[in-house]
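**Q** Let me give you the structure first, and then I'll get to my questions.
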C-alpha cells in the first residue's frame, strides 16, 4: 500500500533497523558489563530511567510514574495530573472491571457501554479500547485485571503515551513483571453478579540471570440483566533476562479469550422528555433484556499477543528502551436493537421535538413545516417491539515498535534529561457484517423473543490499514536543586492508510465513487508540549502544562470529500498545585484545565428522521471545549488508615451547549480503609467506598431544528437525562499469615439507578445489592 505522500522508509526496514539497534545495545551492554569492575553485594543497582521504582511511600501512594513521558518521573515534578493506583489498592477494591478502581480518580467516570470495550470517560471525553504497557488494543470485551500490576492515569492529550487517544486523558495498564524473588498467590472469588472468578500468579528466579512469571485468570459469571453471562480466560507467561545489572530484556506472551452476552437493553419510557423525571419503559421487568441468549447476541474476542521490552543503562548518562508488539485478534459480534413504532401512522417528519425550542416533548407531535405551531397528539406505542441488529466478524492485527534514547547530564544544581525516540505502529481491521432480523416481541406477554432469527447475506466488508510513523524529542531541566522544573517537547506523526467498503455501491456527484472503492488517506502533523513546575517548598509544587495530540480521522472517504478533517486535534492547558505531606505518604492536588478538540465525530441525528433516509447519512464533525476543576487526595494518613478521595466540577458541552451522552459533569468519590495493625484484631480491615455521579444526557444530539434561521439557530436538545446517584460499597477483610479473606457488599444501600445510556432505546440499568467474597493464599 503506497501513496504519493507515504514515507520513503518501508515498515520492514524500520523494524529491521530497530532490531539491529536492540542487538547493538545488547552487545554494547555486555561489553561494558565485562569491562566494568566487579560489583559488591552491598552495591545499590541504579534503575534505568525507563523503569519505575517499586518502592511506595504508602499503601495507596506511588512516588513515580513513567506514563506521561516514557521516563520515570516524580509525580510532584510533572506539569500535569498523574495518578498511580497501586497493586494494593487494586486488590482492596476487587471488582470485575478496570473502572471499579479508576472511578476513584478525579475526572474518571462511567461511559455509555458498561459491558465492553473498557469504555470510560476522562474529563468528559469518552475513551474506548485499552492501553496495556503503552500499546493500544481495540476489543469488544473488558480486559481482565488479573495481569495488572498498577494503573497510571494521565490527564489531558498525550502525544507520546497515547497518540491515538482522546484529549481527556489516558489509562495505562502496567502488567506484572517477573521478579527475582519467589512468590505468588492463588485467589478464588464467588458472588451473586459478575464476580465468580479464579486467579493464579506465580513468579521467581530460574537462576541469577533469568526470572519468570505466569498469570492465569478465569471468570465465569452471570449478571443481573436477564440472560447476561461472561466467561473469560487470560494466560500470560513472561520471562526476564538480566543481561547486566542495569540491563533487562523481558518477553511476554498473552492469550485472552472473552465472551459475554450483548445486552439489548431496556427502552426509555415514552413519557420521558427533555424536562421531567427519567424512567425506563414501564410494565416490563427491571432486568428486561429481549435476547435469545449469549450464543446468539454476544461480544467475543480472542487475542494472541507477543511483547518485548528491553531497557539498558549503557553509560552513566545514556540509556535505551526498545519495546515491540505483535498481536492478532478476532472479534465476532452479534446484536439486536429495539425499534419502537406507533400503533397508528403519523405524518412524515412529525416528531416529539418542538421546532421552536429543540426540546423533546412527550405526548405531542410537531409539524416540521412553517409556522411550526401545529400539533397532534402522539399515538400510543405499539407493544410489539421490533428487533433488528447485525452480525459481524472483525479481524485485527497490530505491529508496533518503540525506541527511546535518554541522555542525562547532572551538575551541582542542574539536571538535564533529553529524550529522543521514534515509534512505528501498523494496524489493520477487516470487518464483514450482515443484517440480523428477529420476530417482534410483545412486551405485554413476552420477555424473550420467540421464533428463529434470520441472518441476511453479508452486506458490508469494511477494510482499514494504517501505518503511523512518529518521531519525538523532549527536554527537561531541573534547576536550583529541583526547585524549578522546565520541560518541553515536539512530536511529529505521519500516517498513510487505506479504508473503504468492498461492497459499497457506486455514488454519483458531488462525491462520486465506484462500487467497492478503497479510499487512501495520508497526512502529517506536529504537536507540542511544554510546562513548568515551581517548588517554593520541597513538598509543594505549582505547575502549568500545555499538551497536544493529533489523531487521524479514519473515514478517508469523508476526508477526501472535505466533510471531515484529516486529524482530530486536542489541546489542553492545565494549572495546578500539588502538595506532599506526612513524609510523602499523602499527595493532594488541585487542578484547573481547559481542553479543546476539533474534528469530534458524532452520529448524524438525521438518521433518526421520520421516515428515515434511504441511505445512512455521514457522521458530523464538530469542535468542543471542556473546562473544569479537580481535587484529589491519595495516600495513607497513618499505617492503618488509607484513603483516595476526589471531586470533579467540569463543563463539557458540544458547540450547541448540550451535555455529551453518558458523561457526568459532576463527580465525587472516596475510598477509606482502616486496618488494625496490632492487638487481638490485627489483620482485620474495614473499607467504605462511595461514588457520586451527576446528571447525564441519555444520548448525543447534534443539529438544528427546521425552524432555525441564521439569526436564530435552535439546537436540538437531548430527549432525556439520567438523574444523579450515589453508590456505596462496604468491604470487610482479614489477613492471617499467608491467607486473606474478603467480603464485599457492592451497592450496599441497594440503590435503584441507571448504569449508563447508549441511546433512548438502549438503557443499561444498574446492578442491585451485590455480595461477593474471596479467599487468597500467598506463597
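Numbering (my numbering), first residue to last: 368 to 1146. Glycine included, C-beta positions come from ideal geometry on N, C-alpha and C.
Determine the contact status of residue 1014 and residue 998, defining contact as a CB-CB distance below 7 angstroms.
**A** As a working mapping, residue 1014 is identified with position 647 in the chain shown. As a working mapping, residue 998 is identified with position 631 in the chain shown. Cβ atoms of residue 1014 and residue 998: closer than 7 angstroms.
**Q** Quick one: residues in its chain with C-beta nearer than 7 angstroms to the C-beta of residue 498, no 5 flanking neighbours on either side, listed in chain order?
**A** What you label residue 498 is simply residue 131 of the chain shown in a count that begins at 1. Only 529, 537, 538, 539, 540 meet the Cβ criterion.
**Q** Identify every run of the beta strand (DSSP E) within the region 887-944, keeping only runs that are complete inside it and at least 3 residues long; order them along the chain.
**A** Whole beta strand (DSSP E) segments, 3+ residues: 907-919.
**Q** If we count the other Cβ atoms within 10 Å of its Cβ and call it buried at 16 or more, is residue 1025 buried or exposed?
**A** In the chain shown, residue 1025 corresponds to position 658, counting from 1. By the neighbour-count rule (16 or more Cβ atoms within 10 Å), residue 1025 is buried.
**Q** According to DSSP, is residue 1094 helix, strand or coil?
**A** Stepping through the chain shown from its first residue, residue 1094 is reached at position 727. Note: residue 1094 maps to strand in three-state DSSP.
**Q** Under a Cβ-count criterion, where at least 16 other Cβ atoms within 10 Å of its own Cβ denotes burial, should residue 573 be classed as buried or exposed?
**A** Indexing the chain shown from 1 puts residue 573 at position 206. Label assigned to residue 573: exposed.
**Q** Select from 494, 417, 455, 445 the residue whose C-alpha is nearest the C-alpha of residue 427.
**A** Within the chain shown, the letter at position 60 stands for residue 427. Answer by Cα proximity: 455.
**Q** Could you say if the region 469-485 and the region 920-933 meet the contact criterion of at least three C-beta pairs nearer than 8 angstroms?
**A** No, because fewer than three Cβ pairs between the region 469-485 and the region 920-933 fall closer than 8 angstroms, the two stretches do not touch.
**Q** Which ranges would you report for the beta strand (DSSP E) in the region 972-1054 if only whole runs of at least 3 residues count?
**A** With a minimum length of 3 residues, the continuous beta strand (DSSP E) runs that stay inside the region 972-1054 are 987-1003, 1008-1020, 1033-1042.
**Q** Let me confirm a value: residue 1111 is counted as buried when at least 16 other C-beta atoms fall within 10 Å, else exposed. Which label applies?
**A** Residue 1111 sits at position 744 when you count from the first residue of the chain shown. Buried is the call here.
**Q** Helix or strand or just coil, what does DSSP make of residue 469?
**A** Here residue 469 refers to the residue found at position 102 when the chain shown is read from its first residue. The answer is helix: DSSP assigns residue 469 an H, G or I state.
**Q** On the DSSP bridge list, what partners appear for residue 674?
**A** Position 307 of the chain shown, counted from the start, is the residue given in the question as residue 674. BP columns for residue 674 point to 619, 692.
**Q** Confirm, please, whether the CB-CB distance from residue 511 to residue 601 is below 7 angstroms.
**A** Taking the chain shown and counting its residues from 1, the one referred to as residue 601 is at position 234. Taking the chain shown and counting its residues from 1, the one referred to as residue 511 is at position 144. In this structure, residue 511 lies closer than 7 angstroms to residue 601 by Cβ.
**Q** Just mark residue 459 as buried or exposed, buried being the case when its beta carbon has 16 or more other beta carbons within 10 Å.
**A** Counting from 1 along the chain shown, the entry for residue 459 is found at position 92. Result: buried.
**Q** Could you give the uninterrupted runs of the alpha helix (DSSP H) lying entirely in the region 496-527, keeping only those of 4 residues or more?
**A** You should have found no qualifying run.
**Q** Determine whether the beta carbon atoms of residue 1224 and residue 962 lie at a separation below 7 angstroms.
**A** Examination of residue 1224 is not possible in this model, given that the chain is present from 368 through 1146 alone.
**Q** Have a look at residue 1063 and residue 492 and give me their C-alpha separation to the nearest angstrom.
**A** For the purposes of this step, residue 1063 is taken as residue 696 along the chain shown, with counting starting at 1. For the purposes of this step, residue 492 is taken as residue 125 along the chain shown, with counting starting at 1. Computed Cα separation, rounded: 13 angstroms.
**Q** DSSP on residue 549, reduced to helix/strand/coil?
**A** The residue labelled residue 549 in the question sits at position 182 within the chain shown. Residue 549: coil per DSSP, three-state reduction.
**Q** Identify which residue in 701, 1128, 487, 830 has its Cα closest to the Cα of residue 756.
**A** Position 389 of the chain shown, counted from the start, is the residue given in the question as residue 756. It is 701 whose Cα lies nearest to the Cα of residue 756.
**Q** When you compare each of 1037, 959, 1094, 969 to residue 1018 by their alpha carbons, which one comes out closest?
**A** Reading the chain shown from its first residue, position 651 is the one you call residue 1018. The shortest C-alpha separation from residue 1018 is found at 959.
**Q** Rounded to a whole number of angstroms, what is the C-alpha to C-alpha distance between residue 686 and residue 777?
**A** The sequence position of residue 686 within the chain shown is 319, counting from 1. The sequence position of residue 777 within the chain shown is 410, counting from 1. Their Cα atoms are separated by approximately 14 angstroms.
**Q** Can you find the residues in the same chain that come closer than 6 angstroms, C-beta to C-beta, to residue 609, ignoring five residues on each side of it along the sequence?
**A** Reading the chain shown from its first residue, position 242 is the one you call residue 609. Result list for residue 609: 576, 615, in chain order.
**Q** Does the distance from the CB of residue 604 to the CB of residue 628 come in under 7 angstroms?
**A** Your numbering for residue 604 matches position 237 in the chain shown. Your numbering for residue 628 matches position 261 in the chain shown. Contact flag unset, no.
**Q** Do three or more CB pairs link the region 1098-1118 to the region 1069-1086 at distances below 8 angstroms?
**A** In short, these stretches do not touch, since the Cβ pair count stays below three.
**Q** Do you know offhand how far residue 639's Cα is from residue 1083's?
**A** In the chain shown, the residue the question calls residue 639 occupies position 272. In the chain shown, the residue the question calls residue 1083 occupies position 716. In a straight line, the C-alpha of residue 639 is about 16 angstroms away from that of residue 1083.
**Q** Straight-line CA distance for residue 619 to residue 676?
**A** Here residue 619 refers to the residue found at position 252 of the chain shown. Here residue 676 refers to the residue found at position 309 of the chain shown. Straight-line Cα distance between these residues: approximately 9 angstroms.
**Q** If I measure Cβ to Cβ from residue 1037 and keep anything under 6 angstroms in the same chain, skipping five residues before and after, which residues do I get?
**A** As a first step, residue 1037 is located in the chain shown; it is residue number 670 there, counting from the start. Cβ within range, chain order: 1012, 1057.
**Q** Excluding the 5 residues preceding and the 5 following residue 800 in the sequence, name in chain order all residues of the same chain whose CB lies nearer than 6 angstroms to its CB.
**A** Here residue 800 refers to the residue found at position 433 of the chain shown. Once the five neighbours on either side are set aside, the close Cβ partners of residue 800 are 757, 759, 827.
**Q** So is residue 905 buried or exposed if we call it buried at 16+ other beta carbons inside 10 Å?
**A** Here residue 905 refers to the residue found at position 538 of the chain shown. Exposed is the call here.
**Q** Pick out the complete beta strand (DSSP E) segments inside the region 731-758, 3 residues or longer, and give them in chain order.
**A** You should have 731-733, 742-744.
**Q** Are the CB atoms of residue 1114 and residue 1122 within a distance shorter than 7 angstroms?
**A** Reading the chain shown from its first residue, position 755 is the one you call residue 1122. Reading the chain shown from its first residue, position 747 is the one you call residue 1114. For residue 1122 and residue 1114, no; Cβs fall outside 7 angstroms.
**Q** Note the first and the last residue of the continuous beta strand (DSSP E) segment covering residue 566.
**A** Here residue 566 corresponds to residue number 199 of the chain shown, with the count starting at 1. That run of the beta strand (DSSP E) goes 564-572.
**Q** Any idea if residue 919 is buried or exposed, counting beta-carbon neighbours within 10 angstroms, 16 or more meaning buried?
**A** Counting from one through the chain shown, the residue named residue 919 turns up at place 552. Per the 10 Å Cβ criterion, buried.
**Q** Between the alpha carbons of residue 579 and residue 611, how many angstroms are there, rounded?
**A** Counting from one through the chain shown, the residue named residue 579 turns up at place 212. Counting from one through the chain shown, the residue named residue 611 turns up at place 244. Taking the straight line joining both Cα atoms gives about 17 angstroms.
**Q** Is it right to say residue 944 is buried, meaning 16 or more other beta carbons lie within 10 angstroms of its own, or is it exposed?
**A** Position 577 of the chain shown, counting from 1, holds the residue named residue 944. Exposed: under 16 other Cβ atoms inside 10 Å.
**Q** Say whether the region 782-799 touches the region 834-846, bearing in mind that this needs 3 or more beta-carbon pairs closer than 8 angstroms, one atom from each stretch.
**A** Yes, since at least three Cβ pairs between the region 782-799 and the region 834-846 fall closer than 8 angstroms, the two stretches touch.
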